[in-house]
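J.: Just passing along the structure, written as structure tokens.
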């Protein structure tokens, strides 16, 4: 069996002086999987993504990402792991306002020599190919300021940015919550195609349970996070 | 590194309006500082270039700075004079190669009149050994000939043969104060030198004696005007006193012993100064004021730098999202830090460059005017070491100051994690 891309065991996390947010005995994502993680807002989804991306560290437990034990790595090693192997898509406002569309797509290559290498010598061409596959092929559009793009277009630019340089893991935090139903399905379809093409794994987080059929596997955060069960028991 | 640099550049371009204002603030402060510095070094250079080749200046005892100021720079006045026999004694010393006596005290329409010997045009040197040269005419030959500096000629519109009269004392206006009975004729006009020579009317020592016939009591005898010119020409016009003496030595090596010999002269108290040494003493006096001025303008630069800090700090809140995007796409905390430090450094660098361009442009345009109106000489020419040093210092200081917002942004981006709650 292949090595899991994400392997979480017995992690606990609380914000400084706050209540415990996460208590997850086990959670894993295997290579090539496209996992849908459902949870209502405030359920600790973004915190979990922060832990997986390595910008947060759990108080206890272990997180392995691509076989690396995150808690054993220094913050700067975790940063490097993320830069080289993880693409991130946010809910909204994904783009750096002072960079062009292609400038935004190429952004991860500035920080990761590994992804620069993977993108090949014609990085701009690769960026344009990715954008075209995501339905953004209008040369005029590529020259516009990113703030002039529609939300749907912005999210596709963000997806291209997450995909460039073929990282092994894409994590997406409610990327479709600002899109209408048509645009949402189209976005998830295009993203899934590209993830499948590059062989990456996808962890897609949303509160919208109706999206579950679009993925290879769906997980309810309430089912893996013991904190929510306890809260539910108290209510 | 260069990736971050281009990112910083793009970020600055995105905020053109406020960034340009900050750059202008830095530029103005740098221009002010360099302007003060250039006026200062220009003044020093101008003073230093005024006299050369003269080993000693001899006058009646006074302050050495004072003697230098009135004999060379036509500033202030002498309180006592040197008698003619003493002058002759100095002139005949074996270690003395040449002497040029000068007599000051009269003026022409605000310009000082200097009585001297024709040797003056041969021995007086300026700007590292340049000799006085004539634009028109020649040295004075007749008793009532005058040679004027270039500025006198330009300002008063004089040409050779123009008749002029002198005033007793240093009155700015020519109110007919005494010497209008003895008209002079312009004989020569000197080429510009950038020294007080340009603002001087030169006549012979004998002419000074001649126009003071009838003034023996210190004021004008009412009968003085009745003495005809022919009679004056027949008098012995050897001066009784001179104001100062420029001395050139046979050998430079004897300068200290010669000075000592003159300073300890028995028959009449004398004072001999070495021009360079007296100039250094003058700089000592003025350096306090110079330092104060430089300190004030350095503080203005500090204000300019603080404006960089302010503009970046105020932009940080709205850029919080941008920082977390950068973090998510792989930027490490030190990248965030460097990005903001580079932004500050770029603003400082561009401000300093603009300031240097500004002050050099201003000097190029205004220098002739300032020189003519106020006699302030600015050192012209291509940007020099001082400009480079200021450029370097301002850029370095901006980088250091940029560390403050950079640390704030770095700490925040660590606390924010991937998701900023907006």
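Chains as they are written, first to last, in the working numbering: chain A, 4 to 238; chain B, 101 to 522.
Cβ coordinates follow ideal geometry from the N, Cα and C atoms, glycine included.
With C-beta atoms as the reference, is residue 349 of chain B less than 8 Å away from residue 357 of chain B?
T.: no
J.: Can you pull out the residues from the segment 54 to 87 of chain A whose beta carbon lies closer than 7 Å to at least one beta carbon of chain B?
T.: Taking 7 Å as the cut-off between beta carbons, the residues of the segment 54 to 87 of chain A near chain B are 56, 58, 59, 79, 82, 85 and 86, in sequence order.
J.: What's the call for residue 245 of chain B, buried or exposed, on a 16-neighbour Cβ count within 10 Å?
T.: buried
J.: Enumerate in chain order the residues of its own chain whose CB-to-CB distance from residue 253 of chain B is below 6 Å, with the five nearest sequence positions on each side excluded.
T.: 289
J.: Taking the alpha helix (DSSP H) that residue 105 of chain A belongs to, which residues open and close that run?
T.: Counting along the chain, the alpha helix (DSSP H) containing residue 105 of chain A begins and ends at 104 to 114.
J.: Classify residue 59 of chain A: buried if its beta carbon has 16 or more other beta carbons within 10 angstroms, exposed otherwise.
T.: buried
J.: According to DSSP, is residue 211 of chain B part of a helix, a strand, or is it coil?
T.: strand
J.: With distances taken Cα to Cα, identify the nearest neighbour of residue 376 of chain B among B:200, B:393, B:184 and B:355.
T.: For residue 376 of chain B, the nearest C-alpha among the options comes from B:355.
J.: Listed in chain order, which residues of the segment 430 to 441 of chain B have Cβ atoms closer than 9 Å to some Cβ of chain A?
T.: 430, 431, 432, 433, 434 and 435
J.: Could you please tell me which residues of the segment 109 to 131 of chain A, in chain order, have their CB closer than 7 Å to any CB of chain B?
T.: 110, 111, 113, 114 and 115
J.: Should residue 152 of chain A be flagged as near chain B, meaning a C-beta pair shorter than 8 Å?
T.: no
J.: Find out if the Cβ-Cβ distance for the pair residue 115 of chain A, residue 82 of chain A is shorter than 8 Å.
T.: no
J.: So if I threshold CB-CB distances at 7 Å, which residues from the segment 139 to 159 of chain B count as touching chain A?
T.: Listed in sequence order: no entries.
J.: By Cβ distance below 6 Å, which residues in the same chain neighbour residue 221 of chain B in space, the five residues on each side in sequence not counted?
T.: 232 and 239
J.: Taking residue 113 of chain B as the query, report the chain A residues whose CB atoms sit under 8 Å from its CB, ordered along the chain.
T.: The contacting residues are 101.
J.: Tell me the DSSP bridge mates of residue 15 of chain A?
T.: A:26 and A:63
J.: What residues in the segment 407 to 424 of chain B have a beta carbon less than 7 Å from any beta carbon of chain A?
T.: 421 and 422
J.: For residue 168 of chain B, which residues from the same chain have a beta carbon less than 8 Å from its beta carbon, with the 5 sequence-adjacent residues on both sides left out?
T.: 157, 373, 375, 378, 379 and 382
J.: According to DSSP, is residue 323 of chain B helix, strand or coil?
T.: coil
J.: Does DSSP put residue 41 of chain B in a helix, in a strand, or in coil?
T.: Beyond the ends of chain B as shown, which are 101 and 522, falls residue 41 of chain B; an answer cannot be given.
J.: Show which residues of chain A have a CB atom less than 7 Å away from the CB atom of residue 379 of chain B.
T.: Residues of chain A passing the Cβ test: none, with the nearest at roughly 56 Å.
J.: Does the segment 38 to 51 of chain A come close enough to the segment 205 to 215 of chain A that 3 or more CB-CB pairs lie under 8 Å?
T.: Result yes; three or more Cβ-Cβ pairs closer than 8 Å.
J.: Closer than 6 Å by C-beta to residue 400 of chain B: which residues in its own chain qualify, once you throw out the five before and the five after it? Chain order, please.
T.: 129 and 132
J.: Answer yes or no: do residue 210 of chain A and residue 44 of chain A have a C-beta to C-beta separation smaller than 8 Å?
T.: yes
J.: Could you tell me whether the segment 414 to 433 of chain B touches the segment 87 to 101 of chain A, using the rule of 3 or more Cβ pairs below 8 Å?
T.: yes
J.: Leaving aside the five residues before and after residue 186 of chain A along the sequence, list all residues of the same chain whose C-beta is less than 7 Å from its C-beta, in chain order.
T.: 155
J.: May I ask which residues mark the beginning and end of the alpha helix (DSSP H) holding residue 127 of chain B?
T.: 116 to 148
J.: So, does the CB of residue 164 of chain A fall closer than 8 Å to a CB anywhere in chain B?
T.: Output row for residue 164 of chain A: interface = yes.
J.: Which value, in whole angstroms, describes the spacing of the CA atoms of residue 93 of chain A and residue 194 of chain A?
T.: The C-alpha of residue 93 of chain A lies about 14 Å from the C-alpha of residue 194 of chain A.
J.: Which class does residue 210 of chain A belong to by DSSP, given the choice of helix, strand or coil?
T.: coil
J.: Could you check whether the Cβ of residue 110 of chain B sits closer than 8 Å to any Cβ belonging to chain A?
T.: Interface criterion met: the Cβ of residue 110 of chain B is under 8 Å from a Cβ in chain A.
J.: Take residue 274 of chain B and list the residues in its own chain whose beta-carbon comes closer than 6 Å to its own, dropping the five residues that flank it on each side.
T.: Low confidence applies here, because residue 274 of chain B scores a pLDDT of 45, under 50, leaving its location unreliable; read the following figure in that light. Only 209 and 267 meet the Cβ criterion.
J.: Looking at the strands, I want to know which residues DSSP matches up with residue 268 of chain B.
T.: B:206
J.: For residue 455 of chain B and residue 126 of chain B, what's the separation of their Cα atoms in angstroms?
T.: Looking at the backbone, the Cα of residue 455 of chain B and that of residue 126 of chain B are separated by about 7 Å.
J.: Chain A beta carbons: is any one of them nearer than 8 Å to that of residue 107 of chain B?
T.: yes
J.: Just confirm the distance between the C-beta atoms of residue 48 of chain B and residue 498 of chain B, as a whole number of angstroms; I'd bet it's less than 8 Å.
T.: Examination of residue 48 of chain B is not possible in this model, given that chain B is present from 101 through 522 alone.
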